[in-house]
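As you go down the protein sequences, you meet chains R and X in turn.
Per my numbering, the very first residue in the first sequence carries number 1374; after that it's consecutive.
Per my numbering, the very first residue in the second sequence carries number 39; after that it's consecutive.
Heads up, the beta-carbon is just placed ideally off N, CA and C, and yes, glycines get one too.
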Amino acid sequence: AQKVTQAQTEISVVEKEDVTLDCVYETRDTTYYLFWYKQPPSGELVFLIRRNSFDEQNEISGRYSWNFQKSTSSFNFTITASQVVDSAVYFCALMPQSYNFNKFYFGSGTKLNVKP
Amino acid sequence: DTGVSQDPRHKITKRGQNVTFRCDPISEHNRLYWYRQTLGQGPEFLTYFQNEAQLEKSRLLSDRFSAERPKGSFSTLEIQRTEQGDSAMYLCASSYEGEGTEAFFGQGTRLTVV
């Protein structure tokens, strides 16, 4: 089974706070990709980050960082010094490579409210 | 390129009517996807095109749904005899060919069936 779980339905923080969004995934594929997308009120999903299953190195990109741990099947995403413009719904997605195309399995999303 | 565009942005229709949505992908992308998103949920895969060929369809895509991508450019998604359960956001995405490539999404068409 391919499944992504985002247990946090909604998070509210005050501007400049750090916030971590949790993601747990299930897959039997040995090769897969994990993504984070952001969906602002305008509707389109905006690509943020991608990680493949063979690279557990955690990285920082600007205010974004991620923690990928295969042992716990987690792919958590952190926004440092949050801003009001970060308010959106954030989706974690799994792309297993057992298909001959790039099929996403999305979690149910975490709504982030950043208050001034 | 201005990204993936979808038309219309909103559609209200009466139950039983047919509706058609259009998606214009990023021009260099040969892969095109349709997803459906209901309130409070993440997008769910509907169908996939590689150029003009429809290579994969989800079981969510009942026989009332049909999608085309003539000449491998824009795509249309038609829903016949709409039902209230069809109310959702329909998202189109496109990508380059290649393992693990990210998809670029349009702003979606929100369908309301009354």
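- Cβ contact annotation for X/S43 (same chain, cutoff 7 Å, sequence separation greater than five): D62, G144, in chain order.
- About 6 Å separates the beta carbon of X/R53 from that of X/Q122, a gap short enough to meet the 8 Å contact definition.
- The straight-line gap separating the alpha-carbon atoms of R/T1483 and X/A131 is approximately 21 Å.
- Using a Cβ-Cβ cut-off of 8 Å, R/Q1470 counts as an interface residue toward chain X, since at least one Cβ of chain X sits closer than that to its own.
- Residue nearest to R/T1404 within the set X/G138, X/F142, X/E90 is X/G138 (criterion: CA-CA distance).
- Secondary structure note for R/S1447: its beta strand (DSSP E) is the uninterrupted segment 1447-1452.
- Residue environment: X/R107 is assigned as buried (16 or more neighbouring CB atoms within 10 Å of its CB, all protein chains considered).
- Counting along the chain, X/S43 sits inside the beta strand (DSSP E) bounded by residues 43-45.
- Ranked by Cα distance from R/M1468, the first of X/R148, X/Y134, X/E140 is X/E140.
- R/S1447 is outside the set of residues whose beta carbon lies under 8 Å from a beta carbon in chain X.
- In its chain, beyond the 5 residues on either side, K1411, Q1412, P1413, L1485 have a beta carbon closer than 7 Å to the beta carbon of R/A1461.
- Where X/Y71 is concerned, the enclosing beta strand (DSSP E) starts and stops at 69-75.
- With respect to chain X, the C-beta atom of R/K1476 has a partner C-beta closer than 8 Å.
- Counting along the chain, the unbroken beta strand (DSSP E) around R/N1425 starts and ends at 1419-1425.
- The straight-line gap separating the alpha-carbon atoms of X/S65 and R/E1417 is approximately 18 Å.
- Residue contact with chain R for X/A126: absent (no Cβ-Cβ distance below 8 Å to any residue of chain R).
- Non-local beta-carbon contacts of R/S1426 in its own chain, meaning distances under 6 Å to residues more than five positions away in sequence, involve T1404, Y1405 in chain order.
- For X/F87, same chain residues with a beta-carbon under 6 Å away, outside a window of 5 residues either side, are L70, R107 in chain order.
- For R/Y1463, the enclosing beta strand (DSSP E) stretches over residues 1461-1469.
- Short of 6 Å from the beta carbon of R/F1408, and not among the five residues preceding or following it, lie these beta carbons of its own chain, in chain order: R1423, A1466.
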